[in-house]
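Undergrad: Following this message is one structure expressed as structure tokens.
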Amino acid sequence: MSEDASPLASLSLTHVYYDPTDPVSLLCAYLSLLPQALMIVYATLLLSTREVEVLLLFTGQLACEAANFILKRVIKEARPPHLPGTRGYGMPSSHAQFVAFWSLSVGLFMLVRHGSSARVRSRVEGQKKGKDEDKGEGEAKAVVDGAKPWPLPARLLISLLALMVAGSVAASRIYLGYHTPRQVLAGLLAGTICAVGWFVLTSVARSWGLIDWLLTLPLARMVLLRDLIVDEDPCWAGWERWEWRKRDGGRKVAGSLTRAAEKMKIARGLMKLAGESLVAARERRVKAGNTVGEVVNEAREMMKTAGEMIEMAGEMIKTGEETISTGEKMRPTGEEMIQVGRDMIGTAEEVMEIAKGMIKTVDEQTSK
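Going by the UniProt record's numbering, the final residue of the sequence shown carries number 368, and the count climbs one at a time with no gaps.
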């Protein structure tokens with residue numbers, strides 16, 4: 001490297017100094033990376049759920065960071081001097097402000113927003129009433145469990161854990177020497193003010209209908225933004241729909257196939273009876289001098305219909321084999337589909353025989 005080259009710099013976003021001989025110092029270094037990890041969590045949740053609640057929380061977190069950026073440049077208080085290589089201002093601590101906003105926002109959501117909405121209660125009652133009409137009591141209860149708010153002890157525990165994590169991150173900044181206790185306390189206070197203020201602001205926006213209006217904008221519709229996280233658990237709702245599709249879909253297919261099998265048995269008997277009657281009728285018409293070509297055309301139509309039945313039966317047998325390959329639970333359904341296909345082939349073969357008999361009868365009558 002030439003003497004005129006600029007010195008290399010490190011990316012301070014993830015650069016943390018710690019004492020390698022101190023296990024607590026290493027733990028504190030990892031805790032210092034929590035804000036970066038939470039930003040990834042925000043982005044992942046937003047992309048996977050498209051929930052406006054996540055977007056609001058993410059936006060508030062960014063606004064809190066912007067406030068910290070401004071406060072540092074207004075106050076201009078330096079970091080503790082003994083740590084080498086540090087740069088930037090230290091008042092208030094951005095880590096402490098970040099986790100304070102995050103933990104309080106989680107707590108406010110769990111204790112105030114989650115479970116307090118009348119929409120949740122009305123949706124639960126509406127779902128249970130609707131599902132009770134089609135399902136048993138046990139099934140109806142399972143359907144609405146995903147819409148019920150978490151019990152208060154669980155919400156308190158999550159809120160407490162979030163606060164404990166925030167406190168650990170804040171303490172780690174003092175332990176590593178990046179901030180003084182006063183700077184960390186100032187960060188916690190600033191994060192608390194931002195969290196409460198943002199929660200009040202978004203609550204007012206909801207009460208005025210601004211969030212609902214936001215969801216009607218073309219951009220919101222284009223990115224599939226929604227507002228369901230209070231009404232339903234996204235994980236449970238997805239699993240629930242999957243269970244419904246398996247259970248209801250299997251019942252519908254099995255019911256349809258059972259009805260189809262019964263109809264095929266009836267149709268098979270009727271086709272045989274009708275074919276015998278047609279043969280007898282054609283014999284009488286030929287003897288009476290009716291057109292031979294008319295009888296032949298009728299026979300050809302019957303053979304064409306039989307060919308279509310065989311083709312349809314082949315598709316049903318193939319579908320039945322594919323259904324069996326999906327798992328043991330669907331084996332009875334697949335076997336029933338295969339049996340229906342075989343019945344259709346049997347009926348088609350009988351129709352073929354009847355048509356051939358008609359043509360044979362014509363030949364015998366015309367040869368006399």
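Backbone N, C-alpha and C fix where the C-beta goes; we use that ideal spot for every residue, glycine too.
Where does residue 323 land, buried or exposed, given buried means 16+ other C-beta within 10 angstroms?
TA: Position 323 of the sequence shown, counted from the start, is the residue given in the question as residue 323. By the 10 Å Cβ count, residue 323 comes out buried.
Undergrad: How long is the line joining the alpha carbons of residue 305 and residue 348, rounded to whole angstroms?
TA: As a position in the sequence shown, residue 305 is number 305, starting the count at 1. As a position in the sequence shown, residue 348 is number 348, starting the count at 1. Taking the straight line from one Cα to the other gives about 8 Å.
Undergrad: If contact is defined by three or more beta carbon pairs under 8 Å, each pair taking one atom from either stretch, is the segment 37-50 in contact with the segment 68-79?
TA: With the cut-off at 8 Å, the segment 68-79 and the segment 37-50 do not touch.
Undergrad: Can you tell which of 333, 331, 204, 300 has the C-alpha that lies nearest to the C-alpha of residue 357?
TA: As a first step, residue 357 is located in the sequence shown; it is residue number 357 there, counting from the start. Selected option, being the one with the closest Cα: 300.
Undergrad: For residue 113, which three-state DSSP category applies?
TA: Numbered from its first residue, the sequence shown carries residue 113 at position 113. Correct three-state label for residue 113: helix.
Undergrad: Identify the continuous alpha helix (DSSP H) that holds residue 218 and give its terminal residues.
TA: Locating residue 218 in the sequence shown gives position 218, counting from the first residue. Note, residue 218: alpha helix (DSSP H), 218-222.
Undergrad: Rounded to whole angstroms, how far is the Cβ of residue 97 from the Cβ of residue 190, which I believe are closer than 8 Å?
TA: Position 97 of the sequence shown, counted from the first residue, corresponds to residue 97. Position 190 of the sequence shown, counted from the first residue, corresponds to residue 190. Residue 97 to residue 190, Cβ: 5 Å. Contact.
Undergrad: Let's test the definition: count the other Cβ atoms within 10 Å of the Cβ of residue 307 and tell me whether it reaches 16, buried, or not, exposed.
TA: Residue 307 sits at position 307 when you count from the first residue of the sequence shown. Classification of residue 307: exposed, given that the 10 Å Cβ count is below 16.
Undergrad: Identify whether residue 17 lies in helix, strand or coil by the three-state DSSP scheme.
TA: Taking the sequence shown and counting its residues from 1, one reaches residue 17 at position 17. It is coil, neither helix nor strand.
Undergrad: What's the call for residue 79, buried or exposed, on a 16-neighbour Cβ count within 10 Å?
TA: For the purposes of this step, residue 79 is taken as the residue at position 79 of the sequence shown. Label assigned to residue 79: buried.
Undergrad: Express the C-alpha separation of residue 319 and residue 210 in angstroms, rounding to a whole number.
TA: As a working note, residue 210 is residue 210 in the sequence shown. As a working note, residue 319 is residue 319 in the sequence shown. Rounded to the nearest angstrom, the two C-alpha atoms are 50 Å apart.
Undergrad: For a test of the three-state rule: what should DSSP assign to residue 50, helix, strand or coil?
TA: As a working mapping, residue 50 is identified with position 50 in the sequence shown. Coil.
Undergrad: Based on the DSSP output, what are the partners of residue 89 in its beta bridges?
TA: Along the sequence shown, read from residue 1 onward, the residue named residue 89 stands at position 89. In DSSP, residue 89 forms a bridge with 78.
Undergrad: Taking the alpha carbon of residue 227 as the point to measure from, which residue in 351, 218, 212, 219 has its own alpha carbon closest?
TA: For the purposes of this step, residue 227 is identified with residue 227 of the sequence shown, where counting begins at 1. If we check each option's Cα against that of residue 227, 212 comes out closest.
Undergrad: Along the alpha helix (DSSP H) that carries residue 179, what are the first and last residues, could you check?
TA: Translated into the one-based positions of the sequence shown, residue 179 becomes position 179. Run containing residue 179: none; DSSP gives neither H nor E here.
Undergrad: Just reading off the alpha helix (DSSP H) that residue 24 is part of, what are its end residues?
TA: Translated into the one-based positions of the sequence shown, residue 24 becomes position 24. That run of the alpha helix (DSSP H) goes 23-31.
Undergrad: What does residue 226 pair with, by DSSP beta-bridge criteria?
TA: Taking the first residue of the sequence shown as position 1, residue 226 is located at position 226. The partner list for residue 226 (beta bridge, DSSP) reads 51.
Undergrad: So, does the segment 191-200 touch the segment 95-114, judging by three or more C-beta pairs under 8 Å?
TA: At 8 Å Cβ cutoff, the stretches touch.
Undergrad: On the criterion of 16 or more Cβ atoms from any shown chain inside 10 Å, does residue 61 qualify as buried, or is it exposed?
TA: Stepping through the sequence shown from its first residue, residue 61 is reached at position 61. Residue 61 is buried by the Cβ-count criterion.
Undergrad: So is residue 164 buried or exposed if we call it buried at 16+ other beta carbons inside 10 Å?
TA: As a working mapping, residue 164 is identified with position 164 in the sequence shown. Its Cβ having fewer than 16 others within 10 Å, residue 164 is exposed.
Undergrad: Look up residue 150 in the DSSP assignment and say whether it is helix, strand or coil.
TA: Residue numbering aside, residue 150 sits at position 150 when the sequence shown is read from its first letter. Residue 150: coil per DSSP, three-state reduction.
Undergrad: Going by C-alpha to C-alpha distance, which of 88, 29, 54, 25 sits closest to residue 39?
TA: Indexing the sequence shown from 1 puts residue 39 at position 39. The shortest Cα separation from residue 39 among 88, 29, 54, 25 belongs to 54.
Undergrad: What residues in its chain sit with their C-beta under 6 Å from that of residue 28, if we drop five residues either side in the sequence?
TA: Taking the first residue of the sequence shown as 1, we reach residue 28 at position 28. Hits under 6 Å: 172, 175, 176.
Undergrad: For residue 88, does the count of other Cβ atoms within 10 angstroms reach 16, so buried, or fall short, so exposed?
TA: Indexing the sequence shown from 1 puts residue 88 at position 88. Exposed.
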